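Worksheet: one structure, shown below.
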Amino acid sequence: VDGDLEDPTEDMTEAQEEMDLADDLEELADDDALFAYEAVPAPASKGSVDALERKKAEENGQNTCVVCQAEVGRGDCLARMPCSHEFHEGCILTWLRQAHSCPVCRHELPTDDY
């Protein structure tokens, strides 16, 4: 007759295992949500963009603007990043409204967020 009785600790162990499994699944769901997040880069601060050195290109075809992939022509308006990379002024200004780093070397400009 004693062999017919169920062990109450067995039910508790099963319940604990189910709770642990539910916790694990919740943790995995949180991890998936974390990895699904796409960081949006902050734009460069207005002050850092205003401080870029501007100049006119003196030579034809010596460089290519890596933003638009077009050749830099004599008289084109250029902007120089602090890392010394130069771009068409309009191209780098558009770039810096979306990101705060050099498109060549990733040198970072300040943002208004920090």
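Mapping of the sequence shown onto full-length UniProt numbering: position 88 corresponds to residue 88, and the numbering continues sequentially without gaps.
Just so you know, even glycine gets a beta-carbon here, dropped at the ideal spot from N, CA and C.
Just so we're clear, the structure is a prediction, and the values are computed from it rather than from any experiment.
What is the DSSP secondary structure of residue i, reduced to helix, strand or coil?
i: Ala51; result: coil
i: Glu59; result: coil
i: Ala15; result: helix
i: Ser44; result: Reading off the sequence shown, one finds Ala at residue 44, where the question assumed Ser. Of the three classes helix, strand and coil, the one that applies to Ala44 here is strand, per DSSP.
Span of the alpha helix (DSSP H) holding residue i?
i: Leu78; result: From DSSP, Leu78 is part of no alpha helix (DSSP H) but of the beta strand (DSSP E) over 77-80.
In the DSSP assignment, find the unbroken beta strand (DSSP E) run with residue i in it and report its ends.
i: Glu86; result: 86-88
Between which residues of its own chain and residue i is the CB-CB distance below 8 Å, once the five residues before and five after are set aside?
i: Glu53; result: Ala79, Arg80
What do you reckon, is the C-beta of residue i under 7 Å from a heavy atom of the ligand GTP?
i: Met19; result: Summarising the ligand content, the structure contains no ligands, and the ligand GTP is consequently not present.
If contacts are defined as beta-carbon pairs under 8 Å, then residue i and residue j qualify, I think. What distance do you get, rounded to the angstrom?
i: Cys83; j: Val67; result: Not really, about 14 Å apart at Cβ, beyond 8 Å.
Looking only at its chain, what residues have a beta carbon closer than 6 Å to the beta carbon of residue i, apart from the 5 residues adjacent to it on each side?
i: Glu86; result: Leu78, Arg80
i: Lys55; result: Leu78
Could you give the distance in angstroms between the alpha-carbon of residue i and the alpha-carbon of residue j?
i: Glu59; j: Cys65; result: 14 Å
i: Ala22; j: Val40; result: 32 Å
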